[in-house]
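Structure first, then comments.
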Amino acid sequence: MLTRQGRPSLAEGIALGLIATGAVSVAIGAVVAVASAAFEVFGAAPTVSMPVHDVQLTALDDVPGVSAATVDSALVTVSAMAGGARWMLLLETALPALATVALCAGVWWLGISLIRSRPFRTSLGWMFGIAACLMVAGSLFGQLAGGIGRAMIVQDLADSGPGVEDVLWTLLVQFDLAPVGWAFALALIAGLFEIGRRLQRDTEGLV
Numbered sequence: 018m019l020t021r022q023g024r025p026s027l028a029e030g031i032a033l034g035l036i037a038t039g040a041v042s043v044a045i046g047a048v049v050a051v052a053s054a055a056f057e058v059f060g061a062a063p064t065v066s067m068p069v070h071d072v073q074l075t076a077l078d079d080v081p082g083v084s085a086a087t088v089d090s091a092l093v094t095v096s097a098m099a100g101g102a103r104w105m106l107l108l109e110t111a112l113p114a115l116a117t118v119a120l121c122a123g124v125w126w127l128g129i130s131l132i133r134s135r136p137f138r139t140s141l142g143w144m145f146g147i148a149a150c151l152m153v154a155g156s157l158f159g160q161l162a163g164g165i166g167r168a169m170i171v172q173d174l175a176d177s178g179p180g181v182e183d184v185l186w187t188l189l190v191q192f193d194l195a196p197v198g199w200a201f202a203l204a205l206i207a208g209l210f211e212i213g214r215r216l217q218r219d220t221e222g223l224v
């Protein structure tokens, strides 16, 4: 409930402050995750999760009730990885993290704006709109970059020895479209803030 001065109550101010602080913490966590991924990818022998096909899980052959078992991925440690593949794998993590940072920045600024009783700012619409665009680009291009990076690894391994392509997928990109749906929701929120800003301006003009 707002106070008589139109500002949030003490409890609401504390809740908004916690939300804003949580958004900052998540953004920092995303940046740390990118730094950790960069350290791993550009290490001497990075370990990469690679999609596999036609590989039986023989460890469960003697388990009663299990008729068949296969695996769809394997952790592969690559002692010599091309620089292009390393950058692609880093982009797989960095692009979605960039969208997360943009969204958290919008949430943080929204929390501050609500504490100051100025929720309909022009900057908020822009921030959520940019976050929506980055979420689409980050999710789709990030997943594509990961698939291309793994394909480059498979190609290098196939040139070194036969039989690699019989186990590892040459190119496999499985798009998760859930972030795209969230991006549409963010775009609507951005439009809501723009409409609210116009209504607020018109209301202030009538006073």
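The opening position of the sequence shown corresponds to residue 18 in the numbering used here, with each subsequent residue numbered one higher. Backbone N, C-alpha and C define an ideal beta-carbon position, used for all residues, glycine too.
In this structure, V181 lies away from L188, with their beta-carbon atoms at least 7 angstroms apart. In this structure, G142 lies near F210, with their beta-carbon atoms less than 7 angstroms apart. Beta-bridge pairing by DSSP links L92 to S66. The beta carbons of I36 and G128 sit about 5 angstroms from each other, so the pair counts as a contact at 8 angstroms. About 3 angstroms separates the beta carbon of V190 from that of G164, a gap short enough to meet the 8 angstroms contact definition. In the structure shown, Q191 adopts coil according to DSSP, grouped into three states. Excluding its 5 nearest sequence neighbours in each direction, A148 has C-beta neighbours in its own chain below 7 angstroms: A116, A119, L120, G123, L203, listed in chain order. Counting C-beta pairs closer than 8 angstroms gives three or more between the region 65 to 72 and the region 86 to 93, which meets the contact rule. Sequence-distant partners of A162 (beyond 5 residues in either direction) whose C-beta falls short of 6 angstroms from its own C-beta, in its chain, are M105, L108, E109. Assignment of L185 by DSSP, reduced to helix, strand and coil, places it in the strand class. Note that the C-beta distance between A102 and G166 is below 7 angstroms. In this chain, D79 is not harboured by any alpha helix (DSSP H), its DSSP state being neither H nor E. The beta-bridge partner set that DSSP reports for Q73 consists of T87. In this structure, the straight-line span from the alpha carbon of A195 to that of M152 is close to 10 angstroms. A86 places its beta carbon less than 7 angstroms from that of L74. Taking the C-beta atoms as reference points, A207 is found nearer than 7 angstroms to G146. Between V69 and L185, the C-beta gap is smaller than 7 angstroms, which places the two residues in contact.
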